[in-house]
Structures are given as structure tokens and as C-alpha cells.
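Undergrad: What follows is a single structure, and I will ask about it in a moment.
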Amino acid sequence: TKDGVTVAKEIELEDALENMGAQMVKEVASKTNDLAGDGTTTATILAQAIVKEGLKNVAAGANPLDLKRGIDKAVSTIVDALSKQSVEVGNASEKIKQVASISANNDETIGSLITEAFEKVGKEGVITVEEAKGTDTYVDVVEGMQFDRGYLSPYFVTDSEKMEADLETPYILLYDKKISAMKDLLPVLEPVAQSGKPLIVIAEDVDGEALATLVVNKLRGALKIAAVKAPGFGDRR
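The following block contains the structure:
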């Protein structure tokens, strides 16, 4: 592999002091990979050059703190210069393919698939990468959004044979906390009921009085509604 972080992960030196330095460089490569997804080999080479020249200057009498301040200034200047030279990829398929292929260790097949994904979902679309069950690598486009959560009560189903809750062109209420009291929902439910449109409530959880009231209104036909627990947790939610 030509992937710097993959190679770095396998390096362990017998000398404890040398290994300490190697582990620091491994961390540099790993953080670069986490932040940028590429450039790990470049980061490793830069780290080696900074250490080599830095030690040479310290041995010649340079103040380590002054040296560190100088490195910080140089980094800021270089980052600004690179930002000015950078070119936005935009929606240009060929540019997307070039960037994707390089990030995939010059694998043009992967680059083409990533380009295909961007072309299909656009700049604002969501792209996820998952391990396939077979040997084929492919792009699968899902219209709308999918997540692994279902209705919070079987009373929300609209098709009792399939046990599905199918609501067409509904209003969607997104709430990042738990809903337990009905008073929290009333300001939303009243205008929705008047409109006659369905409503999907997606919240951290819906329980107690709030869930019971939604179920009763659904059974009475007053509301076309379903409550769903939000997917994920923390920052991913």
C-alpha cells in the first residue's frame, strides 16, 4: 500500500526512545487522516523534516521555544498560501474523479464510483460507505431518507396486514428532546388537525401522556399521525 497511515500503524521500533518518536509521527499521520482523509505520507515526511532540522538548530544553540514560534508562523503562512492556490472542485465530474481516485490510492474504479454517487445525489446529498456482503462494489441510490427506527406504537399502523405506517406528504416535526407532556405538542397538533395533513413526530423519545394522546387521536381518526424515535445519538443525531 502507498497509504502512509496504514504503513505507519505497523511500525514498532526496539529502542524505547526511538519508538517514542515513531509513535508521535504515527499520531501525526492518524490525525491528518481523520481531518483530511488524505495526505498522511506528506504529513509524515514533513514531521521528519521538522524534527531533523529542528534538532540541528537546537544543537547549534537555537532556543527551542523561539524555534516552535517560528514553525507556527511558517505553518500559518503556508496554509494561507495553499488556500489561495486551491481550486474548488464544484460539480465538475472529472475533478471529482481525480480527487476521489487519489484518495483511494489511485484506484480509478473507486474514483468512478464516488463520482457516480456525487452525480446522482448532488452537492447537498448524503453519501455513506458500507461494507458489502458480497464481492461487488456498487452505488445504491435511496430516494428520501432511511434510518433504522420504527413507529413507537403498533396503533400507528395504517396497513394491519403489512404492519406498516404509510403517511403520504406529511408534515414532519423534529424535536431533539423527549416528549412526555401533551401540552408540549398541542401548539403543533391543533393547526395540523385543521389542515387535514398527516404528521410524523421524530423525537428523542415520545412516551407517557403524549404517546397515549397521539394513539387515542389516531384511533379516533382525528389525526393521521405516527411517532418515531430519532436515530443515532450524540453528534451523529
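Note that the working numbering has the sequence shown beginning at 72, numbered continuously upward. Ideal Cβ positions, reconstructed from N, Cα and C, are used throughout, including at glycine. Please read all numbers here as calculations on a predicted model, not as lab measurements.
(1) May I ask which residues mark the beginning and end of the alpha helix (DSSP H) holding I296?
(2) Which residue's Cα is closest to the Cα of M216: V170, G196, A131 and S147?
(3) Looking at C-alpha atoms only, which residue of K249, L257 and S154 is the closest neighbour of D278?
(4) Are the beta-carbon atoms belonging to A79 and K97 less than 8 Å from one another?
(5) Pairing CB atoms from the segment 281-298 with CB atoms from the segment 201-214, are three or more of them under 8 Å?
(6) How about the segment 124-132 and the segment 143-154: do they share at least three Cβ pairs that are nearer than 8 Å?
(7) If contacts are defined as beta-carbon pairs under 8 Å, then D237 and D230 qualify, I think. What distance do you get, rounded to the angstrom?
(8) Expressed to the nearest angstrom, what Euclidean distance is found between the alpha-carbon atoms of N104 and T111?
(9) If V129 sits next to L138, beta carbons under 8 Å apart, how far is it from one beta carbon to the other, in whole angstroms?
(10) For the alpha helix (DSSP H) holding D143, just list the boundary residues, first then last.
(11) Cα separation between T206 and L260?
(12) Ends of the alpha helix (DSSP H) at V287?
(13) Could you give the DSSP three-state label for D247: helix, strand or coil?
(14) Cβ of L294 within 8 Å of Cβ of I273?
(15) Can you have a look at T199 and say buried or exposed, based on whether 16 or more other CB atoms are within 10 angstroms of its CB?
(16) Do I167 and V160 have their C-beta atoms closer together than 8 Å?
(17) Kindly identify the DSSP beta-bridge partner or partners of D230.
(18) Between the alpha carbons of Y242 and Q156, how many angstroms are there, rounded?
(19) Keeping to the same chain, check which residues put their C-beta closer than 6 Å to that of D276; ignore five residues upstream and five downstream.
(20) Going along the chain, which residues of its own chain have a beta-carbon closer than 8 Å to the beta-carbon of V192, five neighbours each way excluded?
(21) Work out the CA separation of S174 and P262 for me, nearest whole Å.
TA: Walking through what the data contain:
(1) Here residue 296 refers to the residue found at position 225 when the sequence shown is read from its first residue. Run containing I296: none in the alpha helix (DSSP H); it sits in the beta strand (DSSP E), I296 to K300.
(2) Within the sequence shown, residue 216 is the residue found at index 145, counting from 1. Nearest of V170, G196, A131 and S147 to M216, Cα basis: G196.
(3) Position 207 of the sequence shown, counted from the start, is the residue given in the question as residue 278. It is K249 whose Cα lies nearest to the Cα of D278.
(4) Taking the first residue of the sequence shown as position 1, residue 79 is located at position 8. Taking the first residue of the sequence shown as position 1, residue 97 is located at position 26. It is a contact, given that the beta carbons lie within the stated cut-off.
(5) Under the three-pair Cβ rule at 8 Å, the segment 281-298 does not count as touching the segment 201-214.
(6) Short answer: they don't touch.
(7) On the sequence shown, residue 237 is found 166 positions in, with the first residue counted as 1. On the sequence shown, residue 230 is found 159 positions in, with the first residue counted as 1. With a Cβ gap of about 6 Å, D237 and D230 count as contacting.
(8) The residue given as residue 104 occupies position 33 in the sequence shown. The residue given as residue 111 occupies position 40 in the sequence shown. One C-alpha to the other measures close to 6 Å.
(9) Translated into positions along the sequence shown, residue 129 becomes position 58. Translated into positions along the sequence shown, residue 138 becomes position 67. About 7 Å; that satisfies the 8 Å criterion.
(10) Within the sequence shown, numbered from 1, the residue matching residue 143 stands at position 72. From DSSP, the alpha helix (DSSP H) with D143 extends over P135 to Q156.
(11) Working through the sequence shown from its first residue, we reach residue 206 at position 135. Working through the sequence shown from its first residue, we reach residue 260 at position 189. T206 and L260: Cα-Cα distance of roughly 49 Å.
(12) Start at 1 with the first residue of the sequence shown, and residue 287 comes out as number 216. From DSSP, the alpha helix (DSSP H) with V287 extends over G279 to R291.
(13) Here the question's residue 247 lines up with position 176 in the sequence shown. In this structure, D247 counts as strand in the three-state DSSP scheme.
(14) The sequence position of residue 294 within the sequence shown is 223, counting from 1. The sequence position of residue 273 within the sequence shown is 202, counting from 1. Contact flag unset, no.
(15) Stepping through the sequence shown from its first residue, residue 199 is reached at position 128. The Cβ neighbour count for T199, taken over all protein chains shown within 10 Å, is under 16; the residue is labelled exposed.
(16) As a first step, residue 167 must be located in the sequence shown, where it is residue number 96. As a first step, residue 160 must be located in the sequence shown, where it is residue number 89. The answer is yes: Cβ separation under 8 Å.
(17) Along the sequence shown, read from residue 1 onward, the residue named residue 230 stands at position 159. Per the DSSP secondary-structure output, D230 pairs in a beta bridge with E235.
(18) Residue mapping note: residue 242 aligns to position 171 of the sequence shown, counting from 1. Residue mapping note: residue 156 aligns to position 85 of the sequence shown, counting from 1. Cα-Cα distance, rounded: 45 Å.
(19) Position 205 of the sequence shown, counted from the start, is the residue given in the question as residue 276. Excluding sequence neighbours, D276 sits near K249 and K300.
(20) Looking up residue 192 in the sequence shown gives position 121. Result list for V192: I198 and V212, in chain order.
(21) Counting from one through the sequence shown, the residue named residue 262 turns up at place 191. Counting from one through the sequence shown, the residue named residue 174 turns up at place 103. In this structure, the alpha-carbon of P262 lies about 50 Å from that of S174.
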